[in-house]
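Engineer:
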Amino acid sequence: MIGAAARSAPALIWLLATIGILVLFAPLLAVLLRIEWAQVPAILTSDTALQALRLSLMTAALATVLCVILGVPIAIVLTRLTGFAAVLLRGAVMLPLILPPLVGGMALLLLFGRGGMLGEVGLQLQFTTAAVVLAQAFVAMPFLVISVEGALRSADRELEAVAEGLGARPVTVLRRVTLPLIAPALSSGIILSFTRALGEFGATAMFAGNSPGTTQTIPLAIYTAFNGAGVGRDTALALALLLICIAFATLLLLHGRPATRELLAKGAQ
């Protein structure tokens, strides 16, 4: 009886929770109810959809690789730093999670665009497929860094010390001890980064544009189709269904992983 009472909640809490659930899921339900299910296979196999899907998968995969190559070292450095330096670096890493994606896209444009700081010396990436990859990596990297950093901080550092004491080189310790220890968190971070990259819209639109076959990813194809009429909206809804299914599959893959709980506890969305 005491346990049941401890788990109970006031009626107002249940009411507010129900309203909150409706706010979260009613829009998704509206999408599902408006879809012309008989047309979904034809739409998803059309040239426009397949082109956007191929580009999205390719750029998201490349962005995820970039996140791993750069994000894992950042996470390792974060666990080695202390004081203001650690706070400053962690804040910089978290910033893309807080900034509106359009601001990130504008910042990339001012750096790599025509007349930008690096654009003036010939490194112009705007409106290219490379710009899509860079924009996706910019918004997705924090997910991997936070996941890996949390795992590194909770890992048994004595194992690394033993390996170093036995004469293992730092690279060997990283490859044979550290990375295997954080493998579950790393895989969670990779999945989260890939999914975030796949759904990126704002920074991509600002920095890479919306050129079919070159920079038009699934979110941009949805935006373009939904601003049309008739069959265009059916295409947008079918592509939205595809992204919803990918997101749901991601939740199933990540269900119960400690690294995911750590990431959510730090307020990532």
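Going by the UniProt record's numbering, the letters in the sequence shown line up with residues 1 to 269, in that order.
Using N, Cα and C, we set each Cβ at its ideal position, and we do this for glycine too.
Measuring alpha carbon to alpha carbon, tell me which of Thr235, Thr59, Leu253 ends up nearest Phe138.
Structural biologist: Within the sequence shown, the letter at position 138 stands for residue 138. Per the Cα distances, Thr59.
Engineer: With distances taken between CB atoms, is the gap from Leu198 to Asn210 smaller than 8 Å?
Structural biologist: Numbered from its first residue, the sequence shown carries residue 198 at position 198. Numbered from its first residue, the sequence shown carries residue 210 at position 210. It is not a contact, given that the beta carbons lie outside the stated cut-off.
Engineer: Could you pull out every residue in the same chain whose Cβ sits closer than 6 Å to the Cβ of Gly232, ignoring the five residues on either side in sequence?
Structural biologist: The residue you call residue 232 lines up with position 232 of the sequence shown. Only Ala225 meet the Cβ criterion.
Engineer: Tell me whether Glu36 sits in a helix, a strand or coil according to DSSP, three-state version.
Structural biologist: In the sequence shown, the residue the question calls residue 36 occupies position 36. Here Glu36 sits in coil by DSSP.
Engineer: Could you check what DSSP says for Val93 in three-state terms: helix, strand or coil?
Structural biologist: Locating residue 93 in the sequence shown gives position 93, where the first residue counts as 1. Helix.
Engineer: Between the C-alpha atoms of Leu57 and Ala208, what's the straight-line distance to the nearest angstrom?
Structural biologist: In the sequence shown, the residue the question calls residue 57 occupies position 57. In the sequence shown, the residue the question calls residue 208 occupies position 208. About 16 Å.
Engineer: Grab the span of the alpha helix (DSSP H) containing Val148 for me, first residue to last.
Structural biologist: Looking up residue 148 in the sequence shown gives position 148. 129-154 is the extent of the alpha helix (DSSP H) around Val148.
Engineer: When the Cα of Ala49 is compared with those of Gln216, Ile98, Leu253, which residue comes out closest?
Structural biologist: As a working mapping, residue 49 is identified with position 49 in the sequence shown. Of Gln216, Ile98, Leu253, the residue nearest in Cα terms is Gln216.
Engineer: Just the Cα atoms here: how many angstroms apart are Ala92 and Ala42?
Structural biologist: What you label residue 92 is simply residue 92 of the sequence shown in a count that begins at 1. What you label residue 42 is simply residue 42 of the sequence shown in a count that begins at 1. Between Ala92 and Ala42, the C-alpha separation is close to 44 Å.
Engineer: For Gly230, collect the residues of the same chain with a Cβ closer than 7 Å to its Cβ; drop the 5 residues on either side in sequence, then sort them by chain order.
Structural biologist: Within the sequence shown, the letter at position 230 stands for residue 230. Bear in mind that the predicted position of Gly230 carries a pLDDT of just 48, short of 50, making it unreliable; the figure below should be weighed with that in mind. Within the same chain, no residue comes within 7 Å of Gly230 by CB-CB distance, once the 5 residues on both sides are set aside.
Engineer: Answer yes if the stretch 104-123 comes into contact with the stretch 72-84, meaning at least three C-beta pairs across the two stretches below 8 Å, and no otherwise.
Structural biologist: no
Engineer: Measuring straight from C-alpha to C-alpha, what distance separates residue 312 and Ile19?
Structural biologist: Nothing in the structure corresponds to residue 312, since the chain is present only between 1 and 269.
Engineer: What span of residues does the alpha helix (DSSP H) with Leu108 cover, start to end?
Structural biologist: In the sequence shown, residue 108 corresponds to position 108, counting from 1. Unbroken alpha helix (DSSP H) run through Leu108: 101-112.
Engineer: Using a threshold of 8 Å, state whether the C-beta atoms of Leu253 and Ile191 are closer than that.
Structural biologist: Within the sequence shown, numbered from 1, the residue matching residue 253 stands at position 253. Within the sequence shown, numbered from 1, the residue matching residue 191 stands at position 191. Taking 8 Å as the Cβ cut-off, Leu253 and Ile191 qualify as a contacting pair.
Engineer: Check whether the stretch 20-36 and the stretch 239-251 touch, using three or more Cβ-Cβ pairs below 8 Å as the test.
Structural biologist: yes
Engineer: Where do the N-terminal and C-terminal ends of the alpha helix (DSSP H) with Ser187 fall, by residue?
Structural biologist: Taking the sequence shown and counting its residues from 1, one reaches residue 187 at position 187. Its alpha helix (DSSP H) spans residues 183-198.
Engineer: Count the other CB atoms, across all protein chains shown, that sit within 10 Å of the CB of Ser172; report buried if there are 16 or more and exposed otherwise.
Structural biologist: The count along the sequence shown starts at 1 and reaches residue 172 at position 172. For the record, residue 172 in the displayed sequence is Thr; it is not Ser. Counting Cβ neighbours within 10 Å, Thr172 comes out exposed, since fewer than 16 surround it.
Engineer: Would you identify the three-state DSSP class for Leu70, choosing helix, strand or coil?
Structural biologist: Working through the sequence shown from its first residue, we reach residue 70 at position 70. Helix.
Engineer: Figure out for me which residue from Met117, Leu53, Ala85, Val132 has the closest Cα to the Cα of Ala203.
Structural biologist: Here residue 203 refers to the residue found at position 203 of the sequence shown. Residue Val132 is the option with its Cα nearest to Ala203.
Engineer: Measuring alpha carbon to alpha carbon, tell me which of Leu15, Arg90, Trp14 ends up nearest Met141.
Structural biologist: Taking the first residue of the sequence shown as 1, we reach residue 141 at position 141. Minimum Cα distance to Met141 is reached at Arg90.
Engineer: Classify Glu200: buried if its beta carbon has 16 or more other beta carbons within 10 angstroms, exposed otherwise.
Structural biologist: Within the sequence shown, residue 200 is the residue found at index 200, counting from 1. Looking at its Cβ environment, which holds 16 or more other Cβ atoms inside 10 Å, Glu200 is buried.
Engineer: Hey, could you find the ends of the alpha helix (DSSP H) Thr215 is sitting in?
Structural biologist: Position 215 of the sequence shown, counting from 1, holds the residue named residue 215. Looking at the DSSP string, Thr215 is not in any alpha helix (DSSP H), and its letter there is neither H nor E.
Engineer: What's the call for Val148, buried or exposed, on a 16-neighbour Cβ count within 10 Å?
Structural biologist: The residue labelled residue 148 in the question sits at position 148 within the sequence shown. Classification for Val148: buried.
Engineer: What's the gap between the Cα of Leu32 and the Cα of Ala249?
Structural biologist: Taking the sequence shown and counting its residues from 1, one reaches residue 32 at position 32. Taking the sequence shown and counting its residues from 1, one reaches residue 249 at position 249. Going by the C-alpha atoms only, they are around 17 Å apart.
Engineer: Can you say whether Thr178 is buried or exposed, counting buried as having 16 or more other CB atoms within 10 angstroms of its CB?
Structural biologist: As a working mapping, residue 178 is identified with position 178 in the sequence shown. Buried, since its Cβ has 16 or more Cβ neighbours within 10 Å.
Engineer: Which whole-angstrom value describes the C-beta separation of Gly213 and Gln51, a residue pair presumed to lie in contact below a C-beta threshold of 8 Å?
Structural biologist: By 1-based counting over the sequence shown, the position of residue 213 is 213. By 1-based counting over the sequence shown, the position of residue 51 is 51. Between Gln51 and Gly213 the Cβ distance is about 6 Å, and since that is below 8 Å, they are a contact.
Engineer: Which whole-angstrom value describes the C-beta separation of Thr64 and Ser193, a residue pair presumed to lie in contact below a C-beta threshold of 8 Å?
Structural biologist: By one-based count along the sequence shown, residue 64 stands at place 64. By one-based count along the sequence shown, residue 193 stands at place 193. That belief holds up - the Cβ atoms of Thr64 and Ser193 are roughly 5 Å apart, short of 8 Å.
Engineer: On a CA-only basis, which of Ala130, Ile218, Leu251 is nearest Arg54? Give me that one, please.
Structural biologist: Taking the first residue of the sequence shown as 1, we reach residue 54 at position 54. Taking only the C-alpha atoms, the option nearest Arg54 is Ile218.
Engineer: For Ala9 and Leu251, I'd like the C-alpha separation in whole angstroms.
Structural biologist: For this step, residue 9 is matched to residue 9 along the sequence shown. For this step, residue 251 is matched to residue 251 along the sequence shown. C-alpha separation (whole angstroms): 27 Å.
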